[in-house]
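Asker: Just add 1170 to the spot in the sequence shown (first one is 1) and you have this note's numbering.
What follows is a structure written as C-alpha cells; I'll ask about it next.
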Amino acid sequence: MPHTAANAPRHPILVTASVMLASLLYSIDWTIGAVALPHMQGAFSATQDQIAWVITSYIVASAITIPTAGWLSTRFGRKRVFAYSLAGFTVASVLCGAADTLAFEVGARVIQGMGGAFIIPLSHAIILDTYPPEEHGKAMALWGMGSVTGSFIGPTIGGFLTEELSWRFIYYINVPFGILSLIGIVLFVPETVRNAKHKLDWFGFLTLAIAVGSLQLMLDRGGSLDWFDSNEIIIEACLAALGFYLFLAHSLTARQPFLDLSLVVQRNFALGLAFVFMYGLLTVPPIVLMPPFLQDIRGYSIEAVGLLQAPRGIGMLLAMMMGGRLVGTVDARILVSLGLGMIALPAAEMSTWTADVPAWPLVWTNFMQGVGGGIILVPIQMIAFPGVPVERRTEATAVYNLIRSIGASIGVSTALALFVRQSGAHRAMLTEHVTPYREALRYADTSAQWNLDTLSHIAKIEREIDLQAAMIAYIGDFRILAAAALAGLPLLLFVRTQKRTGPVPIEATEAA
C-alpha cells in the first residue's frame, strides 16, 4: 500500500517508535545470548557445538518462516499478523527463560524465532508506507537503527544482565518492552486491505523449509560428526540438495509460487540479495566469536565482555545515521565498498593478535567493524528495492530478510565449525612437540614452569596448549572474514547506476 495523504498514519512518530521497538527486541535476541553461552553451557551440561544451537536455532527458524510474511499479511492483514507475531515472540521469551534442559531451550528458541520472524519484513513495509517516497532514505536509516543495531548491542545487554542477575533475564527483559510495543501497534498502526482468497503455496514453502533446515543441520553437526564420513551428514546434504531443486523447479513452473523468482530477474535486486547475504555472513559471526574469545583467551568477566562489545553497537548507530544522509548524494557503490573495506581491515588486524592482546585493539576493531556494517545497510537497500513494484514490496522484503538470515546462520555455523576443527588440529600438532626429549623444556628458566615430571605442571602445559590452539583457530576465522569481505567488491561492478540529485525514492525506478 503506497504512501498517500489519504492512507498516511495519523501518528507516524508513534507508529515508527512502536515498530522500531519490536524490531529492536527481535534483533537483540539474535545475539544477546552470545555472552551467556558459557553459563548456559554449564547449566545444560552441553558441549560447545551443542550450545551453539541456542543461537542458530533462532536464526534458522526465523529464516524458514520469514517468506510466509507476504501471504499472511495479504490473507489476514499486516497489522494483525504483526501483532500476533510480537505476542508469540513475547510468550516464547518467557519459555526460553524458564528452560531447564537444552532440548527445551532450543525448542523455545525455535518458537521464539518463528513467532518473531514476521517482525522485520512487516516493520520494513510499515515504515515504507508511513513516509513519502522522498523520505525513504532517512526512513530506512531510522528503521535500520532498530532492526539491525539490536544484534550489535545484544552482547552488551546480555553481559550486564547475566553478570548482575542471571542468564534467564536475557529473555525475561523482552516481556515488558514487548507488551509496550504491542500496545503501540494495536493503537497506532493502520490495517491493510485483506484478500481472503489469497492462497499459500504449501509445496514451495515445505520444500524451502526442508532445504534450509537440512543445510543448517549439516553445517551445525558436520564438525562433530566428521562431515561426510557420517551417514547423517550425507542424508542431510541430500535432503538440502533435493529440497532446493524441487523448490526451484516448482517456483519456475507454478502459477502462484511461494516465492516468485521473477523478482530475482531484476539485476539490482539480485545483487542486493547477494550483498545482504554477505552482510549476514560478515556481521553476525564476529558477534558470536568475540565473547568466548574475550572470556577464554583474555580472561575478561562476562560484564567486561559486554562492555568491550559496546563500541560495535556505537559504530553501527553512528554509521547508519550517516549512511541515511549520504545515500542520496553519494553513489551507493562507493558506500558499500567503503563498508566492506571497514569490515575487512579490522578483521585483517585481528588475524595478527596474540593471546595477550591489550584492550585498545579490541575496542577500535569492534568500533570499525560496527561502522562498516552500519554504513552499507542503507545503500544495499537502495540498490535492491528501486525496481520492485509497490504491490510486491512485502514479498520482496520477505525474500530480502530470508537471504540475510540464511547468510547469518551459515556464517555462524561455518565459523564455529572451522574453529572447532582448527583448534582440534592445532592442539594435536602442538601436543606432538611436548615430550621429555624436547630440549627447550629442559632449560633452567622453563623447567620450573614446564616440568613434565609432575601432574600440576602437565596440567599447566595442557591449558597453555589449549589456549594457543584456540588462538590459532580464531586467527584462521579472522583471516577468512577479511577475505570474504574483500571478495564482495567485484560484484559492485555489475550494479546498474542511475543519475540523481537527491534522495532516491524506493519506487523511483519501478519500471526499470
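Even glycine gets a Cβ: it sits at the ideal position worked out from N, Cα and C.
Starting from residue 1358, trace the alpha helix (DSSP H) both ways and give me its first and last residue.
Answerer: Segment 1344–1358, the alpha helix (DSSP H) holding residue 1358.
Asker: Under a Cβ-count criterion, where at least 16 other Cβ atoms within 10 Å of its own Cβ denotes burial, should residue 1337 be classed as buried or exposed?
Answerer: Here residue 1337 is buried. Its C-beta has 16 or more other C-beta atoms within 10 Å.
Asker: Give every residue of the same chain whose Cβ lies closer than 8 Å to the Cβ of residue 1355, excluding the five residues on either side of it in the sequence, and list them in chain order.
Answerer: Cβ neighbours of residue 1355 beyond the five flanking positions: 1188, 1189, 1192, 1249, 1252, 1253, 1256.
Asker: How far does the alpha helix (DSSP H) with residue 1751 in it reach, from first residue to last?
Answerer: Not covered by the structure: residue 1751. The range shown for the chain is 1171 to 1682.
Asker: For a test of the three-state rule: what should DSSP assign to residue 1614, helix, strand or coil?
Answerer: Only weak support exists for where residue 1614 lies, its pLDDT of 49 falling under 50; the value from the coordinates is given anyway. Looking at residue 1614 - three-state DSSP - the assignment turns out to be helix.
Asker: Beta carbon of residue 1386, beta carbon of residue 1226: below 8 Å?
Answerer: yes
Asker: Along the chain, where does the alpha helix (DSSP H) containing residue 1152 start, and where does it finish?
Answerer: Residue 1152 is absent from the structure shown; the chain starts at 1171 and stops at 1682.
Asker: Would you identify the three-state DSSP class for residue 1303, choosing helix, strand or coil?
Answerer: helix
Asker: Closer than 8 Å by C-beta to residue 1664: which residues in its own chain qualify, once you throw out the five before and the five after it? Chain order, please.
Answerer: 1437, 1441
Asker: Which value, in whole angstroms, describes the spacing of the CA atoms of residue 1419 and residue 1215?
Answerer: 43 Å
Asker: Check whether the region 1482–1496 touches the region 1340–1352, taking contact to mean three or more Cβ pairs, one atom from each stretch, closer than 8 Å.
Answerer: no
Asker: Measure the alpha-carbon distance for residue 1233 versus residue 1290 and round it to whole angstroms.
Answerer: 11 Å
Asker: What number of angstroms, rounded off, separates the C-alpha of residue 1185 from the C-alpha of residue 1522?
Answerer: 46 Å
Asker: Please state whether the Cβ-Cβ distance between residue 1638 and residue 1588 is less than 8 Å.
Answerer: no
Asker: Determine the DSSP secondary structure at residue 1595, reduced to helix, strand or coil.
Answerer: helix
Asker: Under 8 Å between the Cβ atoms of residue 1580 and residue 1662?
Answerer: no
Asker: Just how far apart, CA to CA, sit residue 1409 and residue 1379?
Answerer: In this structure, the straight-line span from the alpha carbon of residue 1409 to that of residue 1379 is close to 11 Å.
Asker: Apart from the five residues on each side of it in sequence, which residues of its chain come closer than 6 Å, Cβ to Cβ, to residue 1339?
Answerer: 1331
Asker: What three-state label does DSSP hand residue 1288 in the structure shown?
Answerer: coil
Asker: Please work out which residues of its chain come closer than 6 Å, Cβ to Cβ, to residue 1313, disregarding the five sequence neighbours upstream and downstream, and give them in chain order.
Answerer: 1297
Asker: On the three-state DSSP scale, how would you describe residue 1415?
Answerer: helix
Asker: In whole angstroms, give me the CA-to-CA distance for residue 1510 and residue 1448.
Answerer: 10 Å
Asker: Could you check where the alpha helix (DSSP H) with residue 1380 kicks off and where it finishes?
Answerer: 1372–1392
Asker: From residue 1182 to residue 1299, what does the alpha carbon distance come to, in whole angstroms?
Answerer: 10 Å
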